[in-house]
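> Before I ask anything, here is the structure I am working with.
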Amino acid sequence: MAVSVEVALLSGRSAHLRCEPGSSVEQLQLAAERELGVCVEHLITAEGALLRAEDSVVWEEGARLTARVRAPRLLGGQTAFALVKSDGSMVTWGLGQVKSLQATLRAFAAILSDGSVMTWGGASDGGISQHVQQYLHDVRSIQEVEQIQASEAAFAAIKKDGSVVTWGRHDFGGISFPVRHQLQGEPGVRHIQASGRAFAALRKDGSVVTWGVKHFGGDSSAVKEQLHDVEQIQDPVCGGPLESLENPTPLPPNPKPKTQILNPKP
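In full-length UniProt numbering, the protein residues as written are 1 to 266.
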């Protein structure tokens, strides 16, 4: 049976939320964000204990938590600024000559008119690209970026010469090392399609190269012989698995969450 839990801000404003006794901290945190209109960084118990988002908690009727709100952050680069406000929204200014823009769940990548790429946002979700910047820019303009595709937490860029550069979380397709030899040189890649955690590259000879999480289409070895003379690739369900739904392969289990018993404030 659902119980009532109070989540309060330091300002004194609070929200009374209904949740199941064994629901996770993250679920309650998201509910508090929606109700209070702020971006909650942490929830803290009446005893001062910091709750982890992935933990499951046996909530007691009348429990009271304090929400610590994420402070506004101002970030500056060479040519632009970004302000992340306490409600989680973001304002950017200064960046011009943008040719196209792509986004993962928590990061952005912009192709500029000179073919270079600028990224910002969550570092592990593709917002940091310094380690591949040497491949994303060429002053001679013979390797300018033509297209960028994004999974939920990684980017894949096609350069003018048909080669591909990837970055972001490795478990979302940010690492393409196992198929790197197929993404460089002839015949070259002409299009990339992303699912939630994998990429499929359509090469100019009609063949297909895939990488990322198997359960999201990252492993096409079972149909390799059929992937020739391909004209188009499309993810049927945006962000969803590309494998057959009749016999889906289960996703790897998440680490076992920690369970706590939270008593109401006396």
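Where a beta carbon is used, it is the ideal one built from N, C-alpha and C, also for glycine. Note that the coordinates shown come from a computational prediction; the quantities given were computed from them, not determined experimentally.
According to DSSP, simplified to helix, strand and coil, what is Glu-61?
Taking the first residue of the sequence shown as 1, we reach residue 61 at position 61. Residue state, collapsed to three classes: coil.
> If you draw a straight line from the alpha carbon of Gly-37 to that of Lys-99, how long is it in whole angstroms?
Within the sequence shown, the letter at position 37 stands for residue 37. Within the sequence shown, the letter at position 99 stands for residue 99. One C-alpha to the other measures close to 33 Å.
> Candidates Ala-32, Val-132, Val-189, Glu-60: which alpha carbon is nearest Glu-231's?
As a position in the sequence shown, residue 231 is number 231, starting the count at 1. Minimum Cα distance to Glu-231 is reached at Val-189.
> Kindly say whether Gln-149, judged by its beta-carbon, lies nearer than 8 Å to any beta-carbon of chain B.
In summary, chain B is missing from the structure at hand, where a single protein chain is found.
> Would you report the Cα separation of Ala-201 and Gly-12, rounded to the nearest angstrom?
Residue 201 sits at position 201 when you count from the first residue of the sequence shown. Residue 12 sits at position 12 when you count from the first residue of the sequence shown. Distance between the alpha carbons of Ala-201 and Gly-12 is about 52 Å.
> Are Ala-222 and Trp-211 touching if we call contact CB-CB under 8 Å?
By one-based count along the sequence shown, residue 222 stands at place 222. By one-based count along the sequence shown, residue 211 stands at place 211. Cβ distance not < 8 Å, so Ala-222 and Trp-211 don't count as in contact.
> Taking DSSP as the reference, what is the three-state secondary structure of Ala-31?
Locating residue 31 in the sequence shown gives position 31, counting from the first residue. Note: Ala-31 maps to helix in three-state DSSP.
> Per DSSP, Met-90 is paired with what?
Translated into the one-based positions of the sequence shown, residue 90 becomes position 90. According to DSSP, Met-90 bridges with Val-84.
> With DSSP run on the structure shown, which of helix, strand or coil describes Ser-221?
Residue numbering aside, residue 221 sits at position 221 when the sequence shown is read from its first letter. Residue state, collapsed to three classes: helix.
> On the CB-based measure, 16 or more other CB atoms within 10 Å of its CB, does Glu-152 come out buried or exposed?
Indexing the sequence shown from 1 puts residue 152 at position 152. Buried, by the Cβ-count rule.
> Give the DSSP-derived three-state secondary structure of Ala-123 in the structure shown.
What you label residue 123 is simply residue 123 of the sequence shown in a count that begins at 1. Looking at Ala-123 - three-state DSSP - the assignment turns out to be helix.
> In chain order, which beta strand (DSSP E) runs of at least 3 residues are fully inside the region 159-186?
Runs found: 164-168.
> Let me check understanding here. Comparing Cα to Cα, which of Leu-30, Gly-22, Ala-46 lies closest to Leu-10?
Against the sequence shown, residue 10 aligns to sequence position 10. The shortest C-alpha separation from Leu-10 is found at Ala-46.
> Buried or exposed, going by whether 16 or more other CB atoms sit within 10 Å of the CB of His-181?
For the purposes of this step, residue 181 is taken as residue 181 along the sequence shown, with counting starting at 1. So His-181 counts as exposed.
> Measuring only the C-alpha atoms, how far is Arg-106 from Ala-82?
Against the sequence shown, residue 106 aligns to sequence position 106. Against the sequence shown, residue 82 aligns to sequence position 82. Approximately 14 Å between the Cα atoms of the pair.
> Between which two residues does the beta strand (DSSP E) carrying Ile-128 extend?
In the sequence shown, residue 128 corresponds to position 128, counting from 1. Per DSSP, Ile-128 belongs to no beta strand (DSSP E) and is neither H nor E.
> Going by the beta-carbon positions, is the gap between Leu-65 and Leu-43 smaller than 8 Å?
For the purposes of this step, residue 65 is taken as the residue at position 65 of the sequence shown. For the purposes of this step, residue 43 is taken as the residue at position 43 of the sequence shown. Taking 8 Å as the Cβ cut-off, Leu-65 and Leu-43 qualify as a contacting pair.
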